[in-house]
Every structure is written in C-alpha cells, then in structure tokens.
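Letter 54 of the sequence shown, counting from 1, is numbered 60 in our numbering, and no numbers are missing. Down below is the structure, laid out as structure tokens.
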Amino acid sequence: MDSINYVPNGGLAATLNANIHGNGTQTLVLSYGYGLDQNVWHLLLPYLVCCFKVLTFDLAFSPNVTPDFYKPDKYSTLHGYSQDLVNLLDELQLKNTVYLGHSMSAMIGAIAATERPDLFQHLILLSGSPR
Numbered sequence: 007m008d009s010i011n012y013v014p015n016g017g018l019a020a021t022l023n024a025n026i027h028g029n030g031t032q033t034l035v036l037s038y039g040y041g042l043d044q045n046v047w048h049l050l051l052p053y054l055v056c057c058f059k060v061l062t063f064d065l066a067f068s069p070n071v072t073p074d075f076y077k078p079d080k081y082s083t084l085h086g087y088s089q090d091l092v093n094l095l096d097e098l099q100l101k102n103t104v105y106l107g108h109s110m111s112a113m114i115g116a117i118a119a120t121e122r123p124d125l126f127q128h129l130i131l132l133s134g135s136p137r
C-alpha cells in the first residue's frame, strides 16, 4: 500500500498528521468519531486503496496532535473542526472528494459541505451525532 506522509511539508497537514494512501483518481476522505484517531481506519485501508486515493488525518483533540494546537474556544462547537477540514482540503488542493464521516465527523462534514460544496462530491455520514 503506497502512503504519502505530509508531515515534512508543514502547515495544517503536518499538524493534523495528514496521510494520503493509494493512487486512485477519486479522493476518499476518512474522518473518525470522538475519542479515536486515524488509526481506526487501518483495517479498511487495504480494501480502499485499490480504488481511491484515501486521506486520513487526526482531529485537533487527538493525542497525536500537539496540545498547543487545541484552542478550547475554537473547538467548543463543531464549526472549529469543520474549518480545519475545509482548510486541510484547500491546503492539499483537494476538491470533489467523497467524504466518509463517523459520529461527530459526520456533522463536521455536513457543516463543511454546506459552507464549501465545491470540496465534496458525496457525503457518507455514519451514525452522525445530532450536534
């Protein structure tokens, strides 16, 4: 499985430990629920990289993200996380993605897609939280 790690490039991609796996033409963005990290997708990745370029990343609350990045005021609502998602996709120059969000990330994706529909072709929302 080919993997590109964006840490050396700096920016938000480095801060959120963004990784792109696979070489597909369509980008699939995987975003997990509260209390997890991007490693939750490791068993699914081998089945997805054959068809997609898969973006995984950590959310600001992850222990894998430097604690200085987390700002309680910014992340007191899901809008802070959705802004990170939009900024990450912009930084990586990704548009028309397929977004799969689980739990709180379902709502993060819904907010981001409302604000920037050009970034998303499809949303797959699994067990979305109401807020």
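Just so it is clear, CB atoms sit at the ideal spot from N, CA and C, and this is done for glycine as well. Note that this is a predicted model, so its numbers are computed, not measured.
**Message:** Going by DSSP in three states, His-108 sits in which element: helix, strand or coil?
**Reply:** strand
**Prompt:** Is the region 53–60 touching the region 81–89 in the sense that three or more CB pairs, one from each, lie closer than 8 Å?
**Reply:** no
**Asked** To the nearest angstrom, how far is it from the Cα of Thr-120 to the Cα of His-85?
**Response** 11 Å
**Ser-37 in three-state terms, based on DSSP** = strand
**Asked** Looking only at DSSP bridge pairs, what is Phe-126 linked to?
**Response** Thr-103
**Message:** Just list the residues that DSSP pairs Leu-131 with in beta bridges.
**Reply:** Gly-107
**Item:** Same chain, Cβ closer than 7 Å to Ile-114, five either side skipped, listed in chain order
**Value:** Ser-37, Leu-84, Tyr-87, Ser-88, Leu-91, Gly-107
**Request:** Buried or exposed for Leu-18, please, with buried defined as at least 16 other CB atoms from any protein chain shown within 10 angstroms of its CB.
**Result:** buried
**Asked** Between which two residues does the alpha helix (DSSP H) carrying Gly-86 extend?
**Response** 84–97
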